[in-house]
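Worksheet: one structure, shown below.
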Amino acid sequence: MNYGFLRFLLGRLLIVEGLLLLLPVLVAVLYREWAPCRIFLVIAVGSGIIGYFCGRKKPEKREFYAREGFVATSLSWIVLSIVGSLPFVVSGAIPNPVDALFETVSGFTTTGGSILTTVEGMDYSVQFWRCFTHWIGGMGVLVFILAILPMADGYGMHLMRAESPGPTASKLVPKLGSTAKILYMIYIVFTVIEIILLKLTGMPIYDSITITFSTVGTGGFAVTDAGVGAYSVASQAVITIFMILCSINFNAWYLFFIGQGRKVWKIEEIRAYLVMVFGAAILITLRNLGSSGMSLPLTFHHALFNVASITSTTGFATKDFNLWPEASRMLIVLLTLIGACAGSTGGGFKVSRLLILIKSAANEIVFVTHRRSVRRVHMDGKGVDEQTVKSVSAYAILYILIFAVSALLVSFNDIDFETVITAVGATLNNVGPGLGLVGPTGNYASFSSFSKLVFIFDMLAGRLEILPMLILFKPATWRKNT
C-alpha cells in the first residue's frame, strides 16, 4: 500500500473541499447570516490548512495501482462526508453527528434521502450547502481533482475507474485530465442552462440554483417542505427534461456536442433506457388515469416526472406514489432497482449491467440445448470481453448479498417489511424515497442510529460501485509491501 500517495491525495481533497465550502460563505454574507458565515469560514480554513500540511510533500513513490485507487476513492468519500457534515453539527441544524453524517453522505452520493422532518427553517447558507453536496458528488470529486491537478494518466485511470458509475470507464480523449475537464464542462453547461430555464418559468433565483444542483447531480434535496410539488408545471417539465439528460452517459453527450449525434442513438443502453422511461410512464398513466382525478396530459406529466426521477435516481416527487395503485407502485420499485445509464450522474444497478446479464443468461439457455454453440455477449454491435461479463456477474452477486444483509440488519428496528425493503433499495441504489415510512412525503428519521450507519454504508457502496468499499475490510489491503 502506497501510504504516501494516500496522504497526498487526501490532502489535495481537503484543500478542494475547503475551497468549495467558501461558496456557502458567500451565500451567508449575501443573506446576512453571520453565525453560519463564521462556521463555514472556520471549517473551510481548517480543511484547507490540514489539507496543505498533508499534501505539501509529494509522495516518494508516485506509482499506484488498482488497490490504491480503490482505497483512495473510498477514503476520499468518507473524509469528504465527515468534513462536509461539520457545518450541520456546529450550526445546530442537525446536532446529532450520525444524522448529520447520514444527511451529508446522502447529499454527496446524490441519494437524497433525509432525516429532516422540515427544511424551511434552515439558514439559506446551510440549505445551499446541503443541495450543493449533490452537485459536488454528481460528477465525482476525484474526477474534479483529475480535471484541475496534473496526474499520470496510467495511474489516474485507477481513480476514475473506481469512482465512475458503470461496468467500465473510458477516456474521451488520449489525456485523462482532458477527459475530466470535458466531462465537467458538459456538467457545467447543463447546470447553467437549467438555472436559466427554471428562472424563466418563474422560479426564484435561489430555488433555481439549488434545485438545479439537485437535478443535474440527480440528488433530490429541495429547499421547501413541499419539494418540487411547490413549483409550476412548467418548472417541473424543465426538471423532468434535465433528470433524463443527466441520467444518460456523459460520453454520449460529448459525441453529441462534437457533431456525432447519430452515434448516440446507436448506443444500445440509451435506447433501452429511453424505452424503459417512456414505456413505464405510459403504463402508469393508463393505470392511474381513472383514480387520479386529473386530465390525461396532467396524469402523464406526473407519471413521466416521477418515473424520470426514480430511474435517474434523483428522488424528486410531484405526487405521493405511495398512494398510487399497486401495479404503479410495483413499477416504481422495479425502476428503483434498475436505475440510470453507466457514466451518468445517476445511480442504481445500471441499464448496461442489466442488458449484459440478460444477454449472458440468454446465451446460457442456448448453450443448454446446443452444447457446441459458442456465443458472445454483444453491446452496440461489439463483443463484450469475458472479464467484463464476469465482473458484472460478480457485481450482481455482491449487490444481492449486501441488499440481503442490510435488510436483515435494518429489520431489527421492528419497522414494517415494505419500509425496510424499499429503504435498503433506495439507499443502495442512491434513489432516496421508497415506500411506507420512507415514501415521497416521509423520511428516515424513525430509524435507529445503527440502521442509519447501515444506510450510510449502502449509500457509499452504491455510489462507488461496491468494490471500493468492500476492499477496505480486506486485511491484505493494508499491508505495506503487497
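According to the numbering used here, the residues represented by the sequence shown are 36 to 517, in order.
Glycine included, C-beta positions come from ideal geometry on N, C-alpha and C.
Would DSSP call residue i helix, strand or coil?
i	result
His405	coil
Asp188	Confidence in Asp188 is poor, its pLDDT being 45 and thus under 50, which makes the residue's placement unreliable; the coordinate value appears in the next sentence. Correct three-state label for Asp188: helix.
Met414	strand
Pro209	With a pLDDT of only 48 at Pro209, under the threshold of 50, the placement of this residue in the model should not be trusted; the figure read from the coordinates follows. It is coil, neither helix nor strand.
Asp242	helix
Thr512	helix
Ser326	helix
Thr214	helix
Gln271	helix
Tyr519	Because the chain here runs from 36 to 517, residue 519 falls outside it and cannot be looked at.
Lys93	coil
Lys385	coil
Val419	coil
Gly237	coil
Thr517	Residue placement at Thr517 cannot be trusted, given a pLDDT of 49 that sits under 50; what the coordinates show is reported in the next sentence. Three-state result, Thr517: coil.
Ala257	coil
Ile393	helix
Thr247	helix
Ile293	coil
Thr349	coil
Gly314	helix
Gly175	coil
Ile367	helix
Could you pull the start and end residues of the alpha helix (DSSP H) that residue i belongs to?
i	result
Tyr38	38-55
Asn357	Note, Asn357: premise wrong, no alpha helix (DSSP H); not H, not E.
Cys376	First-last for Cys376: undefined, no H or E at that position.
Ile74	69-90
Gly252	Here Gly252 belongs to no alpha helix (DSSP H), and DSSP marks it neither H nor E.
His66	A small fix is needed here, since residue 66 is Tyr in this sequence, not His. Neither: Tyr66 is in no alpha helix (DSSP H) and is coded neither H nor E.
Lys301	Here Lys301 belongs to no alpha helix (DSSP H), and DSSP marks it neither H nor E.
Asn284	No alpha helix (DSSP H) contains Asn284, which DSSP labels as neither H nor E.
Ile345	331-346
Please state if the CB of residue j and the CB of residue i are separated by a distance shorter than 7 Å.
i	j	result
Gly469	Ala458	yes
Ser111	Cys166	no
Glu229	Phe291	no
Ile393	Val427	no
Thr168	Met494	no
Tyr434	Val386	no
Ile345	Leu366	no
Thr348	Val251	no
Tyr87	Tyr159	no
Gly39	Cys89	no
Phe163	Ile150	no
Ile456	Ala442	yes
Asn284	Gly378	yes
Val440	Ser486	no
Thr253	Gly374	no
Leu331	Ala316	no
Thr462	Phe508	no
Leu48	Val60	no
Ala63	Cys72	yes
Ser363	Asn323	yes
Ile74	Val125	yes
Gly350	Gly264	no
Ala343	Ile279	yes
Tyr174	Trp513	Contrary to the premise, residue 174 reads as Met rather than Tyr in this sequence. For Met174 and Trp513, no; Cβs fall outside 7 Å.
Ala107	Leu58	no
Val527	Ala128	In this structure the chain extends from 36 to 517, so residue 527 is not present and cannot be described.
Using beta carbons (cut-off 7 Å, strictly below), is residue i in contact with chain B?
i	result
Leu444	Checking the listed chains, one finds no chain B in this structure; it contains a single protein chain.
### Query
Residue ranges of each alpha helix (DSSP H) run of no fewer than 4 residues wholly in the region 108-170, ordered along the chain?
132-143
### Task
List in chain order: all unbroken beta strand (DSSP E) runs of 3+ residues lying wholly within the region 431-509.
none
### Query
Below 8 Å, can you find three or more Cβ-Cβ pairs linking the region 236-245 to the region 131-139?
no
### Inter-stretch contact (C-beta, 8 Å, three-pair minimum) for the region 218-232 and the region 134-149
no
### Task
Determine, using beta-carbon pairs with one atom in the region 412-420 and one in the region 302-309, whether at least three such pairs fall under 8 Å.
yes
### Message
Three Cβ pairs or more, each shorter than 8 Å: is that satisfied between the region 39-54 and the region 112-119?
### Response
yes
#### Entry: Stretch pair the region 473-490 + the region 449-458: three plus CB contacts closer than 8 Å
yes
### Query
Is it a yes or a no for the region 319-332 touching the region 354-363, going by three-plus beta-carbon pairs under 8 Å?
yes
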